[in-house]
Each structure stands twice: as C-alpha cells, then as structure tokens.
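When the count follows my numbering, it moves up by one through the sequence shown with no breaks and lands on 445 for the last residue. Ideal placement from N, C-alpha and C gives every residue a C-beta, glycine not left out.
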Amino acid sequence: MSYTAVRTPRFASKAAWAEILGQGATYPALENAQTADVVVIGAGFAGLSAARRLKQLDPQLQVTVLDALDIAEGSAGRNSGFMIDLPHDLASEDYAGGGDEAALIALNRQAISFARDAAEEFHINPAFVDPVGKVNGAATPKGDAHNRSYGAHLKALGETSEHLDAQAMAELTGSHYYISGLYTAGTLMLQPAGYIRGIAAGLACIGVQIHARSAVLEFSSHGSSWRVRTAQGHVDAPKIILATNGHLESFGIAKGRLMQLFLYASMTPELDAEEVRTLGGAARWGITPADPMGTTMRRIDTAQGGNRIVTRTCATVRPDMEASAHDIARASAVQRRKFADRFPQLGAMKMEYEWAGHLCLSLNGVAVTGEIAQGVYAATVQNGLGTARGTLTGIAAAEAALGHQSAVTDYFADEAVPKSLPPRPIATWGANAYLRWKEYRARAE
Ligand SMILES: Cc1cc2nc3c(=O)[nH]c(=O)nc-3n(C[C@H](O)[C@H](O)[C@H](O)COP(=O)(O)OP(=O)(O)OC[C@H]3O[C@@H](n4cnc5c(N)ncnc54)[C@H](O)[C@@H]3O)c2cc1C
1 MSYTAVRTPR
11 FASKAAWAEI
21 LGQGATYPAL
31 ENAQTADVVV
41 IGAGFAGLSA
51 ARRLKQLDPQ
61 LQVTVLDALD
71 IAEGSAGRNS
81 GFMIDLPHDL
91 ASEDYAGGGD
101 EAALIALNRQ
111 AISFARDAAE
121 EFHINPAFVD
131 PVGKVNGAAT
141 PKGDAHNRSY
151 GAHLKALGET
161 SEHLDAQAMA
171 ELTGSHYYIS
181 GLYTAGTLML
191 QPAGYIRGIA
201 AGLACIGVQI
211 HARSAVLEFS
221 SHGSSWRVRT
231 AQGHVDAPKI
241 ILATNGHLES
251 FGIAKGRLMQ
261 LFLYASMTPE
271 LDAEEVRTLG
281 GAARWGITPA
291 DPMGTTMRRI
301 DTAQGGNRIV
311 TRTCATVRPD
321 MEASAHDIAR
331 ASAVQRRKFA
341 DRFPQLGAMK
351 MEYEWAGHLC
361 LSLNGVAVTG
371 EIAQGVYAAT
381 VQNGLGTARG
391 TLTGIAAAEA
401 ALGHQSAVTD
411 YFADEAVPKS
421 LPPRPIATWG
431 ANAYLRWKEY
441 RARAE
C-alpha cells in the first residue's frame, strides 16, 4: 500500500510572525536512510503536540518529525494566535456552536493547559503564551446584538463574560471605532511562531529528531513497517502520524470532503515611539469580530516582536492549496481600509508584511483523526480553531498510536466522518461567492 503526495505545501508570502523574531534554530533536512518508532509528518500545532505527547507517554520512544517547510513557516506561524477555549463556530452568526459545547470547552481548556505546560517545560518566553483573554469587538448595533446573544449563550453554559462600553474599548485599543465589546478571560494569546519554534526546540532537547525542508513525497508499507520518503532520504517506522491538516488530501485521503480555505493577514512595521503615543491604548490586546466574517485585530508589543498591529480579514476557497499574488493583493487592500477605519490617527500606514495562510474545514465541522491504515494515524482537519483543535488532534493521534484511551481519544472516536462536498468547480465558485457575500454583510465589523 502506498500514498503519494500530489502536491506539497508552498507559500509565496512570508510568515510574518517568524520574520519578526529573526532567524530561529535551524534543523537539517532528512538525508539517507533512518529508522524511528514513530514518524510525525507535519510540525504545526498537531504534529508537535503529537510528538510531545508521544514522549510523555514513552520517553524512550524514537520520534522523528518531518516538515516540508522551515519550522513556523507554515500556517502555524501565519495565524492570529488566538487559542480560544469557548465555542467559536465560524459558520454561525455569533460563534455559538452546536453539539456538546461543555465537553468541547473542557477539551479546549485541556489544549490550553497542554500549551502552557509545554511553554513552562521548554522555557518558552512567557510573552509568547499570554493568558490575557480576548474581546469580541462590535462596531455596529448589529454586532453589539451578536455580542449580547453570544454573552447570553455563554451564561447559559455557565461561562462568564464582561460587557465593555465604547470608552472601555477605546481605552484598550486606542480606537474609537468599536461601540462595545465582550471580554472573555480564557483565551491564550500566542506569538504563534515563537510558541511553535519553542516547542520544536524543546522537543529536540529531549531527543526528538526534527527535519525541516523535508517534504514527504510518499509513504508505503513494507511488511510491518512504513517507509516515509523525502527527496533526499527516508525513514522506516512501524507507525506514522499524519499531521498535515489540509494536505491530508494531497495524499489522496478524504478526497472531495475537505474545504481548503485561505485566510489573509497583514502586519504594520514596528511603530516608533511617536506612533505608539498617538495610537494610545494598551500594549497588547486581541479583538475578534462580533460577526465571525468580520476583521480580527491584534496589538503586540516589544516582547512579542515589536509594537505592531495585525489585521486579519478575507477568506477564499483554494482547492489547489495555493493563494495567488492577486488573492493577497485583494485582501491587503481590504485590510488597509479596515486598518485606516479603526486607526485614522496613524494615517495611511504601509504594511510591512502581507500574507496568506491555509486552514482546512469539513462541512460538518469534524476533524479527521483515528487509524486510517494499519499503523497510520491522522491528526488533521482542525476547522476554525486550529491552535486548540490542532493540539487536541495531535494528543489524540499520539495516544491512539500507543493504545492509550482518554477523554480526548473518546471525543474524536465519536465524531462522524466529514461530509462529501458538492462537485468541483461549482462548489468552489459557490463557496467563494458565499464567502464574499458574508464578508460584504460583515463589512463594518
Ligand atoms: C491568517 C490566519 C489566521 C488564523 N488565526 C487563527 C487563530 O487566531 N486561532 C486559531 O485557533 N486558528 C487560527 N488559524 C488557523 C490555524 O493556523 C490552523 O488551523 C492551524 O495552523 C492548524 O494546525 P495544524 O498543525 O493542523 O496544521 P498546520 O499548522 O498547517 O501544520 C501542518 C504542517 O504540515 C506540513 N506538511 C503538509 N504536507 C506535508 C508534507 N507532504 N510533508 C511534510 N510536511 C508537510 C506543513 O508544512 C505544515 O507545517 C488561522 C489561520 C490563518 C491562515
């Protein structure tokens, strides 16, 4: 049995979160013939969490992690860094989700604890894992109504939230754009590249072999073992964890069931002292939009890579798993407009970084986990909340691979399979038209 990758990850834009931290540790590409007990393919949230969980369960295990890119160059270093504990259903009007939300909140909190423990164990800069919570910002009465209904939904779940008025929002962000906000305390705010690099470095210290720039081209069974092949070498191992998120489909698995979505973001240059003064507000904050299709804004400070503001908005479905220069240019123009609406005091600011990143959804919001061939375990398809869900699917795959049962493995074992998508290209056109319409409706948020 063999699985061949029809494509491997490629990004035309830089991963800003890694760039602003400067050169990280380098890891060699895989060369020659090697062996391991478990090969993890993918060094994002899922892959690195899987590797850590494997070593927790069996410190003697020989674990090799392979990534096609440099560490934190993939979507793990391209996201906005909100590791959210609460329901965050992007398909809903106000994030309220369905299903057993209390169970999911408990699991998300387990993922957050896992990340915080890892940060402590591996001495990661505390500014990269900041437990400050986040605010759902509302710019319109409709957004405010979304926040109020979400707040009521949280209350019914026994969760607390705090309503902020326009003045409190301005004091926090320096922007007079928001009319209100809903603060929830449980979100862990990551410097995503700092966190991912820190985990990789910590794993390397405890004996995990990490190979960057080592795209897996094929894995095939040879007796009771799998051979995982890259351009310059291979690793033989009885077990594989596939932590490639949407690139699961590139190996021919779950074909026609995965939505390959690209999100876009931009980051200002480092603000100088005068700009920081003009901006006002606190040094760190994170605002998710009251309408899930609106604009996420985030302010970071010198401990996280400089006094900067990050703007994230726009989404496109790209089944070929690449965002074009045109996609990025369109999104960047929208982001500059959103930024200027919120921070007129900073004038027309030219962004230092504009980028795209990849995430993967299923129509029914389920992940793809479990044993997909003998000895091959998946930790993929994280849907909207990939920092928490990626961490959880990685834990689940590691535990399943070692025959360990827990609340995490039970949760994913009970999930349905991803629903089939309508045929392409009609589904892609339809999905993109729908996203544009949702973006338009949420344009003020
Ligand atoms: C702009 C943007 C903002 C976002 N904001 C947030 C947010 O605030 N909060 C949140 O929770 N989520 C957010 N996300 C989503 C989040 O980034 C992803 O869901 C998350 O990275 C998924 O983790 P993962 O480990 O499953 O996949 P990834 O992080 O994509 O990691 C998969 C890894 O597999 C590697 N890989 C794939 N194929 C191969 C191969 N053949 N060989 C070797 N390696 C391979 C890739 O290079 C990649 O490094 C955002 C995404 C984007 C793009």
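Check, Outcome
"For a quick check, are the C-beta atoms of Gly186 and Asp85 less than 7 Å apart?", "yes"
"Just to confirm, are Ala50 and Ile241 a CB contact at a threshold of 7 Å?", "yes"
"With C-beta atoms as the reference, is Leu385 less than 7 Å away from Met259?", "no"
"Assign Met351 to one of three DSSP states: helix, strand, or coil.", "coil"
"Looking at the unbroken alpha helix (DSSP H) that takes in Val408, where does it start and where does it end?", "Ala407 to Ala413"
"Does ligand 1 have a heavy atom nearer than 6 Å to the CB of Pro9?", "yes"
"Would you report the Cα separation of Lys142 and Asp291, rounded to the nearest angstrom?", "9 Å"
"Looking only at C-alpha atoms, which of Gly44, Ser2, Gly198 and Ala442 sits nearest to Ala388?", "Gly44"
"Once DSSP output is grouped into helix, strand and coil, what is the label at Tyr264?", "strand"
"Quick one: any contact between the region 311 to 318 and the region 102 to 110, if contact means 3 or more CB pairs under 8 Å?", "no"
"Are the CB atoms of Arg229 and Leu217 within a distance shorter than 7 Å?", "yes"
"Is His146 buried or exposed, if buried means 16 or more other CB atoms sit within 10 Å of its CB?", "buried"
"Going by the DSSP bridge assignment, what does Ser80 pair with across the sheet?", "Note: Ser80 sits in no beta bridge, so no partner."
"Going by Cα to Cα distance, which pick from Ala243, Gly306, Arg330 and Leu30 is closest to Ala76?", "Ala243"
"How about Gly294 and Ala442: do their beta carbons lie closer than 7 Å?", "yes"
"Taking DSSP as the reference, what is the three-state secondary structure of Arg227?", "strand"
"Kindly indicate which three-state DSSP category Ile328 falls into: helix, strand or coil?", "helix"
"For Val368 and Leu248, which I take to be in contact (beta-carbon distance under 8 Å), what is that distance rounded to the nearest angstrom?", "6 Å"
"Does His211 pass the burial test, meaning 16 or more other C-beta atoms within 10 Å, or should it be called exposed?", "buried"
"Return the bridge partner residues of Gln2 from the DSSP annotation.", "Position check: residue 2 holds Ser in this sequence, whereas Gln was assumed. DSSP output for Ser2 lists Ser220 as bridge partner(s)."
"Return the first residue and the last residue of the beta strand (DSSP E) that Glu120 is part of.", "Taken as a continuous stretch (DSSP letters only), Glu120 belongs to no beta strand (DSSP E), being part of the alpha helix (DSSP H) at Glu101 to Glu121."
"In this structure, does DSSP put Ile199 in helix, strand or coil?", "helix"
"Bridge partners of Met189, per DSSP?", "Phe82 and Asp130"
"Which whole-angstrom value describes the C-beta separation of Tyr178 and Met169, a residue pair presumed to lie in contact below a C-beta threshold of 8 Å?", "4 Å"
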